[in-house]
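Here is the structure we will look at, set down as structure tokens.
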Amino acid sequence: MKIELIVIDSFGIGEMPDADKFGDKGSNTYLNTYKKTGVQLNNLAKLGLNNIDGINLSHDRVIGSYARLKELTFAKDTTAGHYEMSGLILKNPYPTFPNGFPKELLDLLKNKLCVEFLGNKVASGTEIIKELGQEHLRTHKPIAYTSADSVFQIATHTDVYSLDELYKLCQDVRAVFDKDSKYNFGRVIARPFATNEKGEFYRLDTRKDYALNPPQKTMLDKLKENGYDVVGIGKIEDVFNFQGITESNHTRNNQTGIQAIIETTKRRDINGLVFANLNDTDMLYGHRNNYVGYANALKEIDDNIPTILENLADDDILIITADHGCDPTTPSTDHSREYTPLLIYGKKLKQNVNFGTIDGFNIISKSILDYFKIEKHDDSLFNKLI
């Protein structure tokens, strides 16, 4: 018996009421992408996607149940979204630096590590290596940049820093931040890059994240402590720093991530949770304002839904959601403050139940912990589906 929880990274479905406070008024990752491309997500629609409040595309033969989720954490980043769906609402989200890193922070790293950084601003990872790659090769100074997330990203060329040297630098930076809560970033991220045959810089897929441990127990810890399996796919191990995870497959892209999900649906030895993140929508297309690529990535996921469904055991359950938005049709290249979808399917569950709009991604953890009889939650969605 297992629950497959799939996060389509950044698949928002419309601006939240406070979106203007984040500069995200008008964002709607799904509908704006749909309007630009006409992408047809027939299998997700069959699970209820198009019947969710505010989408208004509707589908007649819905076999899943569905809701629109409103984030309670005052944030729009990966860590906050995943934490909240795992039952942890951050009262004080990790610090972000929309205007770039302050001099005090950079001086701290210079004094502790004897390292000076280039960049030190909000930037797209692909653009900043174009902008500063040559200066980095000349000076050997690492490139540091951030985003809407609480991240300190370090980009270095493989001719200047080996992978091991870059990883060691990130570990050292993480250690400095861990001792100063003022700059306790959610993640320090290694972003290696190289030069192709045309002399152009390109990012490697050997990224590595150095995250904080969640400040409290999450759904993952509670499942593991009660003897259940917790299988992470994609960057789940990075987000939770391996806490509460019993098995991990750090897939590097959606193609391998989807195949890993399908393999777990075939397994009958997993008793617990499979928690997967499909990140191409966000990393490759949302941040780069590539709505055609975003639509194609959604279509790739949608095309594999039938295979996932047919391999589920009779008592398995599929849940699909997202962690935030990242509208590729707006001028912004950052995440957007949006509602997220919730789709639930099981062969023994009731069909076509509309839960409306629910406050809190944590309804996911409440429902899962109640389903496995670890905690009692009267508002568990399964109370209305079984």
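Numbering (numbering that gives the first Met the number 0), first residue to last: 0 to 385. Virtual Cβ for every residue (Gly too), placed ideally from N, Cα, C.
Top-ranked residue by Cα proximity to residue i, from the options
i	options	result
residue 105	93, 120 and 379	120
residue 28	357, 111, 7 and 1	7
residue 124	225, 282 and 265	282
residue 199	334, 129, 101 and 307	129
residue 192	303, 127 and 284	127
residue 357	84, 43 and 287	84
residue 150	183, 345 and 41	183
residue 266	310, 365, 156 and 300	310
residue 293	365, 377, 38 and 232	38
residue 346	245, 115, 385 and 299	385
residue 249	194, 233 and 264	233
residue 259	277, 296, 52 and 244	277
residue 161	205, 179, 185 and 175	205
Collapsed DSSP secondary structure at residue i in the structure displayed
i	result
residue 162	helix
residue 321	coil
residue 243	coil
residue 228	strand
residue 14	strand
residue 77	helix
residue 279	helix
residue 207	strand
residue 371	coil
residue 263	helix
residue 138	helix
residue 215	coil
residue 199	coil
residue 19	helix
residue 177	helix
residue 258	helix
residue 44	helix
residue 346	coil
residue 194	strand
residue 305	helix
residue 39	coil
residue 9	coil
residue 116	coil
residue 271	strand
Buried versus exposed call for residue i [16 or more other C-beta atoms within 10 Å across all chains shown]
i	result
residue 23	buried
residue 280	buried
residue 112	exposed
residue 212	exposed
residue 108	buried
residue 327	buried
residue 5	buried
residue 201	exposed
residue 291	exposed
residue 197	exposed
residue 353	exposed
residue 375	exposed
residue 20	exposed
Neighbourhood of residue i by C-beta, 7 Å cutoff - its chain only, sequence neighbours within 5 removed
i	result
residue 173	187 and 209
residue 60	45
residue 57	49 and 50
residue 115	109 and 140
residue 194	200
Any non-hydrogen atom of the ligand MN within 7 Å of residue i CB
i	result
residue 75	As for the ligand MN, it is missing from this structure, which has no ligand bound.
Beta carbon proximity, residue i to chain D, threshold 8 Å
i	result
residue 67	Considering every chain present, this structure includes no chain D. It has just one protein chain.
Other residues of its chain near residue i: CB distance less than 6 Å, five sequence neighbours each side excluded
i	result
residue 139	159
residue 118	127, 131, 142, 143 and 144
Proximal residues to residue i (C-beta, below 8 Å), its chain only, five neighbours per side dropped
i	result
residue 242	212, 213, 217, 219 and 220
residue 302	42
residue 136	156, 158 and 159
| field | Meets three-Cβ-pair contact criterion under 8 Å: the region 83 to 97 and the region 145 to 165 | value | yes
The region 74 to 91 touching the region 320 to 327, judged by at least three CB pairs closer than 8 Å
yes
Report task. Pair every Cβ in the region 269 to 276 with every Cβ in the region 220 to 231, then say whether three or more of these pairs are closer than 8 Å. Result -> yes
- Query: Taking three-plus beta-carbon pairs below 8 Å as touching, is the region 28 to 42 in contact with the region 63 to 77?
  - Reply: No, the region 28 to 42 does not touch the region 63 to 77.
| said: For the structure I just gave you, are there three or more beta carbon pairs, one from the region 164 to 179 and one from the region 300 to 316, closer than 8 Å? | reply: These segments do not touch.
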